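Using the numbering used here, you'd call the opening residue of the sequence shown number 1 and step up by one each time. The beta-carbon is built from N, C-alpha and C at its ideal position, and this holds for glycine as well. Note that this is a predicted model, so its numbers are computed, not measured. A short worksheet on the structure shown next.
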Amino acid sequence: MIFSNPLLWAFLALGLSVGYFVRNLIATRRARRIEETIRKRISDAKVQAQGIISDAQQQSIKLLEDVKKEEKETKEKLEKTEERLHSREESLEKQLVTVGEREERLSAEREKVSQERDELKEVKEKTVTELEKIASLSKEEAKEKIFEEVKEAYKTDLTETIQHMEHDRKDEIEKKASDIITGALMRYSRSHVSDVTTTVFTLPSEDLKGKIIGREGRNIKALERATGVDIIVDETPETVILSSFDPLRREIAKISLERLVTDGRIQPARIEETVEEVKQDLIKRMQDIGEEASMEVGVVGFPKEILQLIGRLHFRTSYGQNVLTHSIEMAHIAGMIARELGSNIDVAKKGALVHDIGKAISHEVEGTHVDLGMKILTKYGVDESVINAMRSHHEDYPFASPESFIVTAADILSAGRPGARRDSVEQYLKRLRDLEGIASNFKGVKQAYALSAGREIRIFVVPEQIDDFGALQMAKDIASKVQHELKYPGEIKVNVIRETRAVEYAR
């Protein structure tokens, strides 16, 4: 009955329709919510995906940069490694070349050694054969024969080796000698004043010129005769010039004039006495000069006679150079050289100091100054080593010791110094000495003096041996000999003086 009610069916249908509509509406809304949720999720997913993609891109870029940086560093490391490998390869190649060269040299040396060994073996076999043949020889004879054969076999090599050694040794010796000589010259310095042939004597008063000349020139003639000096009195105020090539004569004349002027008694007899006194005083002074020279050099042990002759060298010149000054300089240089070479310093100094001692008497005795010096030193007991050291300085005798070489070297250094010697002056002085020597060699001559710069030779004879006619003949003979043996400008006056004195005492 219920199912037959249309209204019920209508309500039922309406309810079903409403329910269906409501259900569809709910379903639609739910679907929309789901769709929105899905869209939101999709949007969020897209945003998230975009962020992930952005992060991934940044990470990719960073990763790419890191990869590139790492690649660059790796590349640089590889390049450096490659350079080191290349350098090592070149070094190895050079070492290989060096090793190859060494191997070649070693191979050549081996071949050379092998060849020399074969040659030596051959020589040995030959020597053994020879020894077997000459078994009768003594040990020394066999040794000598072997030495000769080996020397002959290697003659060329030995010659070359010796030449190289001599050349190297010569260079070394020359350098050492140069250093020693230079050092000696730099360490020693001494002033030099070249001697002249005149001495200027200053008078306290012009009036004394008349007293020196004397009546008719007696005083000046007596003074010239006693001293052998040319005394020049000219217009120069308060001045007298003493002229002589011999410094000793000028010194005697100067001191004599000083004493005569101080004493005031100027007359012939007093002049002769004064000159003799001065000569005796000068002998003592020469010894003092010799002792001073010996002390300056630093040597002792010379006899007083040798010291006197050394002092006499102060009044001698050689090529314008004072002989004693030259000898002292030589002694210092010789001592320095001997010290450097380890030679005997005392012998070198002594040999240098007395090397020219013969010149102290060479104008009085015949012979070279070297021979005279050797005789003097031998006479007074000077050690033989000193004589050997001095005798070779002109190379007239062989060099007997290292000191003889040193003395010769010192002589050359001292004499060869610029300005030390004057050849023209020495030639002039030699001509005057030769002029006096020619006159002194005539029998009966007591004294002979070259005066007026060599334009006059004044000869004093022994009156008991030479008469007036003999004096005239002697003058001619001396003039002739001078003319033939000497070279000189102008003319030379030969003046032979014969004087007789009679002396008696009243008691």
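Straight-line Cα distance separating R431 from D423
Position 423 of the sequence shown holds residue 423. Position 431 of the sequence shown holds residue 431. Confidence is the limiting factor: at D423 the pLDDT is only 45, short of 50, which leaves the residue's position unreliable, though a coordinate-based value still follows. Cα-Cα distance, rounded: 12 Å.
Counterpart residues of I241 in DSSP-defined beta bridges:
Looking up residue 241 in the sequence shown gives position 241. Bridge partners of I241: V200, I232.
Can I252 and L282 be called in contact, C-beta distance under 8 Å?
Within the sequence shown, residue 252 is the residue found at index 252, counting from 1. Within the sequence shown, residue 282 is the residue found at index 282, counting from 1. With respect to the 8 Å criterion, I252 and L282 are classified as neighbours on the basis of their beta carbons.
Less than 8 Å separating the beta-carbons of A360 and R391?
Taking the sequence shown and counting its residues from 1, the one referred to as residue 360 is at position 360. Taking the sequence shown and counting its residues from 1, the one referred to as residue 391 is at position 391. No, the Cβ-Cβ distance between A360 and R391 is not below 8 Å.
Please go through the same chain and pick out, in chain order, the residues whose beta-carbon is closer than 7 Å to the beta-carbon of V496, but skip the five residues on each side of it.
Reading the sequence shown from its first residue, position 496 is the one you call residue 496. Once the five neighbours on either side are set aside, the close Cβ partners of V496 are I459, V461, A471, M474, A475.
Within 8 Å, do at least three Cβ pairs link the segment 429 to 445 to the segment 369 to 384?
The segment 369 to 384, when compared against the segment 429 to 445, does not touch it at the 8 Å Cβ threshold.
Tell me whether the beta-carbon of H355 lies closer than 8 Å to the beta-carbon of H393.
As a working note, residue 355 is residue 355 in the sequence shown. As a working note, residue 393 is residue 393 in the sequence shown. Taking a C-beta distance under 8 Å as the contact criterion, H355 and H393 qualify as a contact pair.
Taking the C-alpha atoms as reference points, what is the distance between R62 and R39?
In the sequence shown, the residue the question calls residue 62 occupies position 62. In the sequence shown, the residue the question calls residue 39 occupies position 39. A quick correction: the sequence has Lys, not Arg, at residue 62. Going by the C-alpha atoms only, they are around 34 Å apart.
Taking buried to mean at least 16 other C-beta atoms within 10 Å of its own C-beta, is H369 buried or exposed?
In the sequence shown, residue 369 corresponds to position 369, counting from 1. The residue in question, H369, is buried, as its Cβ has 16 or more Cβ neighbours within 10 Å.
Output the residue ranges of the alpha helix (DSSP H) runs that lie fully inside the segment 286 to 372 and measure 4 residues or longer, sorted by chain position.
Runs found: 304 to 312, 323 to 341, 345 to 353.
Counting C-beta neighbours from all protein chains within 10 Å, is the total for H86 16 or more, i.e. buried, or is it exposed?
In the sequence shown, residue 86 corresponds to position 86, counting from 1. Looking at its Cβ environment, which holds fewer than 16 other Cβ atoms inside 10 Å, H86 is exposed.
Is it true that the CB of D371 sits closer than 8 Å to the CB of G351?
Mapped onto the sequence shown, residue 351 falls at position 351. Mapped onto the sequence shown, residue 371 falls at position 371. Result no, Cβ atoms of G351 and D371 do not sit closer than 8 Å.
Is the Cβ-Cβ distance between E238 and I231 less than 8 Å?
Working through the sequence shown from its first residue, we reach residue 238 at position 238. Working through the sequence shown from its first residue, we reach residue 231 at position 231. One thing to note: E238 has its Cβ no nearer than 8 Å to the Cβ of I231.
Since I212 contacts V233 with CB under 8 Å, what's their CB separation in whole angstroms?
Mapped onto the sequence shown, residue 212 falls at position 212. Mapped onto the sequence shown, residue 233 falls at position 233. Rounded, the Cβ-Cβ distance is 7 Å, consistent with contact.
Can you look up E456 in the DSSP assignment and give me helix, strand or coil?
Residue numbering aside, residue 456 sits at position 456 when the sequence shown is read from its first letter. In the displayed model, E456 falls within a strand according to three-state DSSP.
Run through DSSP, which three-state label would Y488 get?
Reading the sequence shown from its first residue, position 488 is the one you call residue 488. The answer is coil: DSSP assigns Y488 none of H, G, I, E or B.
Counting C-beta neighbours from all protein chains within 10 Å, is the total for D288 16 or more, i.e. buried, or is it exposed?
Reading the sequence shown from its first residue, position 288 is the one you call residue 288. Burial is judged here by how many other beta carbons sit within 10 angstroms of a residue's own beta carbon; D288 has fewer than 16 and is exposed.
How far does the beta strand (DSSP E) with I497 in it reach, from first residue to last?
The residue given as residue 497 occupies position 497 in the sequence shown. I497 -> beta strand (DSSP E) spans 493 to 497.
Leaving out the 5 sequence neighbours to the left and right, which residues in its chain are closer than 8 Å to G444 when beta-carbon positions are compared?
Numbered from 1 along the sequence shown, position 444 holds the residue referred to as residue 444. By the criterion of a C-beta distance shorter than 8 Å, G444 is surrounded in its chain by V461, V462, Q465, I466, G470, M474, once the five residues flanking it on both sides are discounted.
Per DSSP, cross-strand counterpart(s) of Q473:
Here the question's residue 473 lines up with position 473 in the sequence shown. In the DSSP secondary-structure assignment, Q473 is not bridged to any residue.
Nearest by alpha-carbon distance to A222: which of Q57, V275, R312, A502 is it?
Taking the first residue of the sequence shown as position 1, residue 222 is located at position 222. Measuring from the Cα of A222, the nearest candidate turns out to be V275.
Those runs of the beta strand (DSSP E) which lie wholly inside the segment 384 to 415 and span at least 3 residues:
Secondary structure remark: continuous beta strand (DSSP E) runs of at least 3 residues inside the segment 384 to 415: none found.
Please report the residue range of the alpha helix (DSSP H) in which K446 lies.
Counting from one through the sequence shown, the residue named residue 446 turns up at place 446. Careful: K446 lies outside any alpha helix (DSSP H), inside the beta strand (DSSP E) at 445 to 451.
Looking at the secondary structure, which residues open and close the alpha helix (DSSP H) in which T227 lies?
Translated into positions along the sequence shown, residue 227 becomes position 227. Unbroken alpha helix (DSSP H) run through T227: 218 to 227.
Assign V382 to one of three DSSP states: helix, strand, or coil.
For the purposes of this step, residue 382 is taken as the residue at position 382 of the sequence shown. In the structure shown, V382 falls within a coil segment according to DSSP collapsed to helix, strand and coil.
Which value, in whole angstroms, describes the spacing of the CA atoms of E76 and S114?
Taking the first residue of the sequence shown as position 1, residue 76 is located at position 76. Taking the first residue of the sequence shown as position 1, residue 114 is located at position 114. So the alpha carbons of these two residues sit roughly 55 Å apart.
Under a three-way DSSP split, which group does V503 fall into?
On the sequence shown, position 503 is the one that residue 503 refers to. Three-state result, V503: coil.
On the CB-based measure, 16 or more other CB atoms within 10 Å of its CB, does L324 come out buried or exposed?
Taking the first residue of the sequence shown as position 1, residue 324 is located at position 324. By the neighbour-count rule (16 or more Cβ atoms within 10 Å), L324 is buried.
Let's see if you can read the secondary structure: which residues bound the alpha helix (DSSP H) around P247?
Walking along the sequence shown from the start, residue 247 turns up at place 247. Residues 247 to 263.
Return the Cβ separation of E403 and A389 in integer angstroms, given the expectation that the two are a contact with Cβ distance under 8 Å.
As a working note, residue 403 is residue 403 in the sequence shown. As a working note, residue 389 is residue 389 in the sequence shown. Right, their Cβ atoms sit about 4 Å apart.
How is V113 classed by DSSP in three states: helix, strand or coil?
Looking up residue 113 in the sequence shown gives position 113. In the structure shown, V113 falls within a helical segment according to DSSP collapsed to helix, strand and coil.
Helix, strand or coil for V18, going by three-state DSSP, please let me know.
Working through the sequence shown from its first residue, we reach residue 18 at position 18. Three-state result, V18: helix.
Leaving aside the five residues before and after V279 along the sequence, list all residues of the same chain whose C-beta is less than 7 Å from its C-beta, in chain order.
By one-based count along the sequence shown, residue 279 stands at place 279. Here residue 279 turns out to be Lys, not Val, going by the sequence shown. Around K279: I252.
Proximity of V261 and L242 at Cβ, strictly below 8 Å
Translated into positions along the sequence shown, residue 261 becomes position 261. Translated into positions along the sequence shown, residue 242 becomes position 242. Going by C-beta atoms, V261 is not nearer than 8 Å to L242.
Does DSSP put V462 in a helix, in a strand, or in coil?
Here residue 462 is taken as the residue at index 462 of the sequence shown, counted from 1. Coil at V462, not helix or strand.
Under the three-state reduction of DSSP, which class applies to S205: helix, strand or coil?
For this step, residue 205 is matched to residue 205 along the sequence shown. If DSSP states are grouped into helix, strand and coil, S205 belongs with coil.
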